[in-house]
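Report on the following structure.
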Amino acid sequence: MLLNRHLRSIYVDIKYGIPIVRSYCNLGINMKKLNDRKEFKQALELFHKYEHKNSEIISDVAINQALKSFTNMEDFQGGSDIYQRYLCRIEKNCFTLASIIHFYMQSGNVNRAQEIFNKSKQKTMGIYGAMMKGLIKNDMLNETVHLFFQIPNPDEIIFVLFFHACARIGTEEALRLAKKVLSNLPNSYRENSNILTTAFDAFIKCGDLLFAEKLLPKIKKISMSYGNLMKAYNKNNQPEKTLDLYEQMKFDKIEPDVICYLLLVNACSNIGILSICQSIFEQIPKSFLDNSYIKNALVDMWGKSSCIDRAENIFQSLIQPDTIGYTSMINSYGLNGMGIQAIELFNQMPRKLILEETYVCVLNACSHSGLIDQARSIFSNITNKTEKIYATMVN
């Protein structure tokens, strides 16, 4: 009779706009709604209110949602308390077990998560996934890969986490394993866009751009994927390929984001041909031209294509130039034989913004303009003379 009365008419304060809960069965559902709205504190208040009434009929779903709330609030003591109170139930339910592993991984308590994982008798894909995700978060990437090869019949999420770990490792061995796993993908996953997209990223990060290029037609057509490949081309001194990929983007009708345009400008800087720089500049959306990263890159691009006036105009439009802005402009002056202007700008630069690259650029500017005494003066005032700064001065 007591249980029936509880289930018939239990109402919750609507102080926080919380939906009325008519039974303990609905508690987990309403907590999920609050968690989905990132109202974690309210979800826990709701949980505790019903827990105080009768903890024995709190559902596993509600316990799972409580763990999610504690995880998102980074209340690791509260989550540990929940685990101790409901230990037997949590360890018998695959969903709450995955949540408690995720909870301890988020708190950085890898050993505790590993203990719980090792004790679990029936490991589901959700439990394996929580463990792999946690290992990645805690930078235990080789352990992630090792765990992957112990998992029977991995699902989509497990493959995605594996390739993500390989991308983070970025070694030849990680590349070898990524190729091995990709070549042995089950037929049901060979066209899976999510798996192929993370594999694509892994091959880029591991340095095999040719293999990545082969996957490009098969992955999701999103700006980020093209941008990742552009970044790799620029890093490998292949700016022409960045421009070619941009043309492919237009053909595929993919709208480049601000990062792609930034990478295109960087590619133009490396090429240094005025007509190409002008062409790309004219295609940048006006809304992106106020972006400080784009402006800094344009200063560098115009300086390297001998358009010093345009570089100056962009630099002067920066409301508060940062280290990159100042250094790019100083370098632009140096490349165009304007050593005096480079020194003047260097002297105007806030001391806290000066880094190693700034010293290198201003010393190079002095060298290109034959300003030997000024270079010696700047060099003598450098407190932390790095190997790169010494090499620049010697040259």
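One rule links them: number in our numbering = place in the sequence shown (from 1) + 237.
From the three backbone atoms N, C-alpha and C, an ideal C-beta is built for every residue, glycine too.
Being a predicted model, the structure only gives us computed values, none of them experimental.
Inclusion of Met467 and Leu500 in the CB contact set at 7 angstroms is warranted, their separation being smaller than that value.
Positions of the alpha helix (DSSP H) runs, each at least 4 residues long and wholly inside the segment 479-530, are given as 495-508, 511-520 in order along the chain. Assignment of Ile619 by DSSP, reduced to helix, strand and coil, places it in the coil class. Less than 7 angstroms divides the Cβ of Thr435 from the Cβ of His401.
Judged by DSSP secondary structure, Cys325 falls within the alpha helix (DSSP H) whose first and last residues are 324-329. Closest in C-alpha terms to Ala628, from the list Ser606, Glu594, Pro522, Tyr320, comes Glu594. Rounded to the nearest angstrom, the Cβ distance from Tyr470 to Leu482 is 7 angstroms, consistent with a contact under 8 angstroms. For Asp297, the enclosing alpha helix (DSSP H) stretches over residues 297-310. A residue is called buried once 16 or more other Cβ atoms fall within 10 Å of its Cβ, and Glu288 is buried on that count.
Leu572 sits in a helix when the DSSP states are folded into three classes. Within the model, the alpha-carbon separation for Leu304 versus Ile294 is close to 17 angstroms. Of the candidates Lys458, Cys514, Gly562, Cys514 places its Cα closest to the Cα of Leu480. Counting only runs of at least 4 residues, the segment 345-432 fully encloses the following alpha helix (DSSP H) elements, listed from N- to C-terminal order: 347-356, 362-374, 378-385, 393-406, 409-420. The segment 449-460 and the segment 404-418 do not touch, with fewer than three beta-carbon pairs separated by less than 8 angstroms. Straight-line measurement puts the Cα of Lys523 at about 29 angstroms from the Cα of Asn473. One thing to note: Ser306 has its Cβ within 7 angstroms of the Cβ of Asn272. In this structure, Ala534 places its C-beta atom within 7 angstroms of the C-beta atom of Val502. When DSSP states are grouped into helix, strand and coil, Cys603 belongs to the helix group. Where Asp559 is concerned, there is no enclosing alpha helix (DSSP H), because DSSP gives it neither an H nor an E. Bounds of the alpha helix (DSSP H) holding Asn465 are 460-472.
Nearest neighbour of Ile394 by Cα position, chosen from Asn421, Cys331, Ile364, turns out to be Ile364. By the neighbour-count definition (other C-beta atoms within 10 Å, threshold 16), Leu419 is a buried residue. Membership of Glu293 in any alpha helix (DSSP H) is not indicated, and neither H nor E is assigned to it by DSSP. CA-CA distance, Asn309 to Lys270, rounds to 14 angstroms. Between Val536 and Ser516, the C-beta spacing is not below 7 angstroms.
Taking a cut-off of 8 angstroms for Cβ pairs, the segment 602-616 and the segment 569-576 touch, as three or more such pairs fall below it.
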